[in-house]
Amino acid sequence: MFDVITIGGATRDIIFITEQGRILKTPQDPTCQEMLAFEHGAKIKSKEIYFTLGGGAANLAIGLARLGLEVAACLNLGQDTDGLSIWGNLEKEKVNTALISQRGSLRTAFSFIVIDEKSKEHIIFAYPGVNDNLKIERKKERLGETSWIYLTSLSGQWPDVLSDLGQVVKKNKIKLAFNPGGAQIKKGRPGLEKILKLTTLLVLNKDEAIELVMSGAKKNIQKTPELIKKILTWGPEIVVVTEGAKGATVGQKKNIYQASARPGKRVDTIGAGDAFGSGFLSGLIKNKGEVKQALKYAICNSSQVTKYYGAQEGLLKKKEIKKMINQVKVKIIK
């Protein structure tokens with residue numbers, strides 16, 4: 222029996238750091254308020270590049286395992302060197318790999334990530350590869366052997382995955398954590414209505430929360446507490462909205478909590494959302510559903526990851542996070 226099974230993708234990441242980007246403010250677009258731009262036709266140079274591993278299901282699985290939980294990852298890998306590297310890394314991190322499928326027809330997913338050295342923000346150019354072929358219909362029995370499932374960004378025939386997963390969650394009374402990707406957010410509330418009603422924990426960033434609410438309520442709501450209140454009426458028991466360096470806000474029916482990010486130098490925001498998610502769920506499980514303590518775990522884990530390049534490098538272990546959580550202050554804003 223697992224504490225958590227993560228479902229989603231795994232990738233080989235190449236990180237390209239440059240000073241030549243410009244941040245453009247686009248306040249007229251509520252779902253895309255900043256853009257990273259480059260001169261047309263220019264040669265963009267980098268003084269540093271990093272080869273790392275990432276992908277939502279892999280990042281979350283490693284984050285949860287380091288914090289002391291029994292974890293399995295359900296994902297696809299290609300029969301190539303990158304796939305072997307990811308598989309070996311998951312085993313090294315004590316993540317169960319029994320639910321991983323290898324497919325020879327497509328290569329392992331690949332991302333080229335451009336980081337703006339000044340702002341530390343990034344854009345990702347992603348090739349989904351075998352991630353597009355993820356299916357769980359033949360894994361339903363094994364997926365029932367867990368207390369939680371953490372579903373992250375999906376590509377390909379993802380509506381089929383949601384349908385099959387809904388059956389697993391209902392049949393086995395599993396708690397579901399959900400961090401939807403871009404394809405899911407674009408479908409909005411109508412495309413996610415059924416799975417949201419089965420969701421215990423929903424994790425979004427601010428832009429995603431705005432876009433999701435606009436799809437369902439047809440309102441341009443900008444205040445985070447109001448976004449959370451609206452989404453809570455759609456079914457999730459706990460809604461988290463992250464805001465980068467500003468921290469995060471978490472809501473339940475009774476209370477809304479807010480915590481600022483920990484101070485310190487940030488070099489990279491890749492993986493901060495997954496680190497937040499693994500920290501939050503670990504804290505929730507270890508503290509018997511106490512949201513305030515879960516938020517402290519999440520802030521510590523995500524703040525630490527931003528000190529390193531790559532999505533997995535700075536993920537905390539349970540002894541490390543216990544020394545840090547009391548440094549995080551959580552306030553009730555409702």
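Take any residue in the sequence shown, note its place counting from 1, add 221, and you have its number in our numbering.
Here a beta-carbon is modelled for each residue, glycine too, at the ideal position from N, C-alpha and C.
Here the structure is a predicted model, which is why all the values come from computation and not from measurement.
- [ ] Can you have a look at A319 and say buried or exposed, based on whether 16 or more other CB atoms are within 10 angstroms of its CB?
- [x] Sequence index remark: in the sequence shown, residue 319 carries index 98 (1-based). By the beta-carbon neighbour count (other beta carbons within 10 angstroms, threshold 16), A319 is exposed.
Open item on the list: Tell me which residue opens and which closes the beta strand (DSSP E) that D495 is part of.
Closed with: Start at 1 with the first residue of the sequence shown, and residue 495 comes out as number 274. It is not in any beta strand (DSSP E) - D495 instead sits in the alpha helix (DSSP H) that spans 493-507.
Task: I265, buried or exposed, once every other Cβ within 10 Å from all chains shown has been counted against 16 - done: In the sequence shown, the residue the question calls residue 265 occupies position 44. It is exposed - the Cβ of I265 has fewer than 16 other Cβ atoms within 10 Å.
Task: Those residues which DSSP pairs with V351 across a bridge - done: What you label residue 351 is simply residue 130 of the sequence shown in a count that begins at 1. Within the DSSP secondary-structure output, V351 pairs in no beta bridge.
TODO: Would you kindly check if the distance between the Cβ of K539 and the Cβ of L288 is under 7 Å?
DONE: Position 67 of the sequence shown, counting from 1, holds the residue named residue 288. Position 318 of the sequence shown, counting from 1, holds the residue named residue 539. Cβ atoms of L288 and K539: closer than 7 Å.
Task: Cβ-Cβ separation, V471 to L423 (assumed contact under 8 Å), whole Å - done: To locate residue 423, count along the sequence shown from 1; it is residue 202. To locate residue 471, count along the sequence shown from 1; it is residue 250. With 8 Å as the limit, L423 and V471 do not qualify as a contact, their Cβ atoms being about 10 Å apart.
- [ ] Output the boundary residues of the beta strand (DSSP E) element that contains A294.
- [x] Within the sequence shown, numbered from 1, the residue matching residue 294 stands at position 73. A294: member of the beta strand (DSSP E) spanning 292-295, first to last residue.
- [ ] Check the DSSP bridge columns for K552 and list the partner residues they point to.
- [x] Taking the first residue of the sequence shown as 1, we reach residue 552 at position 331. Partner(s): Q479.
- [ ] Run the CB neighbour count on D250, radius 10 Å, all protein chains shown included, and call it buried at 16 or more, exposed below.
- [x] To locate residue 250, count along the sequence shown from 1; it is residue 29. D250 should be labelled exposed.
- [ ] Could you tell me how far apart the beta carbons of A480 and S523 are, in whole angstroms, since I believe they sit closer than 8 Å?
- [x] Position 259 of the sequence shown holds residue 480. Position 302 of the sequence shown holds residue 523. Contact doesn't hold; Cβ gap of about 11 Å is too wide.
Task: Euclidean distance between Cα positions of S374 and G465 - done: Sequence index remark: in the sequence shown, residue 374 carries index 153 (1-based). Sequence index remark: in the sequence shown, residue 465 carries index 244 (1-based). If I take the Cα positions, the gap works out to 18 Å.
TODO: Counting only the same chain and skipping the five closest in sequence on each side, list residues whose C-beta sits under 6 Å from that of K606.
DONE: With the chain covering 222 to 555 only, the question about residue 606 has no answer from this structure.
- [ ] Look at the Cβ atom of R487, then the Cβ atom of K341, and state whether they are nearer than 7 Å.
- [x] Along the sequence shown, one-based indexing puts residue 487 at 266. Along the sequence shown, one-based indexing puts residue 341 at 120. R487 is a Cβ neighbour of K341, given a cutoff of 7 Å.
Task: Nearest-angstrom Cβ-Cβ length linking L372 and L296, presumed shorter than 8 Å - done: Stepping through the sequence shown from its first residue, residue 372 is reached at position 151. Stepping through the sequence shown from its first residue, residue 296 is reached at position 75. Actually they do not touch by this definition, with Cβ atoms about 12 Å apart.
TODO: State the DSSP-derived secondary structure class of I452, mapped to helix, strand or coil.
DONE: As a first step, residue 452 must be located in the sequence shown, where it is residue number 231. Helix, per DSSP.
Task: Where Y518 falls: helix, strand or coil (DSSP) - done: Reading the sequence shown from its first residue, position 297 is the one you call residue 518. Y518: helix per DSSP, three-state reduction.
Task: A286, buried or exposed, once every other Cβ within 10 Å from all chains shown has been counted against 16 - done: Residue mapping note: residue 286 aligns to position 65 of the sequence shown, counting from 1. Result: buried.
TODO: Can you give me the start and stop residues for the beta strand (DSSP E) that I321 sits inside?
DONE: Position 100 of the sequence shown, counting from 1, holds the residue named residue 321. For I321, no beta strand (DSSP E) run applies, since DSSP gives it neither H nor E.
Open item on the list: On the CB-based measure, 16 or more other CB atoms within 10 Å of its CB, does I270 come out buried or exposed?
Closed with: The sequence position of residue 270 within the sequence shown is 49, counting from 1. With fewer than 16 Cβ atoms within 10 Å of its Cβ, I270 is classed as exposed.
Task: Touch test, the segment 382-398 against the segment 326-341, Cβ-Cβ under 8 Å, three pairs minimum - done: Counting Cβ pairs under 8 Å, fewer than three are found: no touch.
TODO: Can you tell me which of K450, L536, G365, C521 puts its alpha carbon nearest to the alpha carbon of G485?
DONE: Start at 1 with the first residue of the sequence shown, and residue 485 comes out as number 264. Closest in C-alpha terms to G485, from the list K450, L536, G365, C521, comes C521.
Open item on the list: Here's the rule I'm using: 16 or more other beta-carbon atoms within 10 Å means buried, otherwise exposed. How should E429 be labelled?
Closed with: For the purposes of this step, residue 429 is identified with residue 208 of the sequence shown, where counting begins at 1. E429 is buried by the Cβ-count criterion.
Open item on the list: Only counting the same chain, and skipping five residues up and downstream in sequence, which positions put a Cβ closer than 8 Å to that of D224?
Closed with: Taking the sequence shown and counting its residues from 1, one reaches residue 224 at position 3. Closer than 8 Å at Cβ, skipping near neighbours: L285, L290, E291, V292, T367, S368, W369, I506.
Task: Limits of the beta strand (DSSP E) - the one that D301 falls within - done: Against the sequence shown, residue 301 aligns to sequence position 80. Membership of D301 in any beta strand (DSSP E) is not indicated, and neither H nor E is assigned to it by DSSP.
Task: CB of L448 within 7 Å of CB of V434, strictly - done: Along the sequence shown, one-based indexing puts residue 448 at 227. Along the sequence shown, one-based indexing puts residue 434 at 213. Cβ atoms of L448 and V434: closer than 7 Å.
Task: Buried or exposed by the 16-neighbour rule on C-beta atoms within 10 Å, applied to Q443 - done: As a working mapping, residue 443 is identified with position 222 in the sequence shown. Under this definition Q443 is an exposed residue.
Task: Buried versus exposed, by CB contacts within 10 Å (16 or more), I431 - done: What you label residue 431 is simply residue 210 of the sequence shown in a count that begins at 1. Burial call: buried.
Open item on the list: Along the chain, where does the alpha helix (DSSP H) containing V390 start, and where does it finish?
Closed with: Stepping through the sequence shown from its first residue, residue 390 is reached at position 169. Start and end: 379-393.
Task: Residue nearest to K408 in terms of C-alpha spacing, selected from G500, T421, S436 - done: As a working mapping, residue 408 is identified with position 187 in the sequence shown. For the residues G500, T421, S436, the minimum Cα distance to K408 belongs to S436.
TODO: Could you round the C-beta distance between L364 and N310 to whole angstroms and report it? I think they count as a contact, below 8 Å.
DONE: On the sequence shown, residue 364 is found 143 positions in, with the first residue counted as 1. On the sequence shown, residue 310 is found 89 positions in, with the first residue counted as 1. Between the beta-carbon of L364 and that of N310 there is about 22 Å, and that puts the pair past the 8 Å contact cut.
Task: Proximity below 7 Å, CB of E314 to CB of I283 - done: Reading the sequence shown from its first residue, position 93 is the one you call residue 314. Reading the sequence shown from its first residue, position 62 is the one you call residue 283. Closer than 7 Å, so yes.
TODO: State buried or exposed for I244, treating a residue as buried only when at least 16 other CB atoms are found within 10 Å of its CB.
DONE: Translated into the one-based positions of the sequence shown, residue 244 becomes position 23. The residue in question, I244, is exposed, as its Cβ has fewer than 16 Cβ neighbours within 10 Å.
Task: DSSP-derived helix/strand/coil call for V526 - done: Here the question's residue 526 lines up with position 305 in the sequence shown. Here V526 sits in helix by DSSP.
Task: Pairwise C-alpha distance: A493 and N441 - done: Here residue 441 is taken as the residue at index 220 of the sequence shown, counted from 1. Here residue 493 is taken as the residue at index 272 of the sequence shown, counted from 1. Distance between the alpha carbons of N441 and A493: 26 Å.
Open item on the list: Measuring straight from C-alpha to C-alpha, what distance separates A235 and P411?
Closed with: By one-based count along the sequence shown, residue 235 stands at place 14. By one-based count along the sequence shown, residue 411 stands at place 190. Checking the displayed sequence, the identity of residue 235 turns out to be Ile instead of Ala. Taking the Cα positions, I235 is about 35 Å away from P411.
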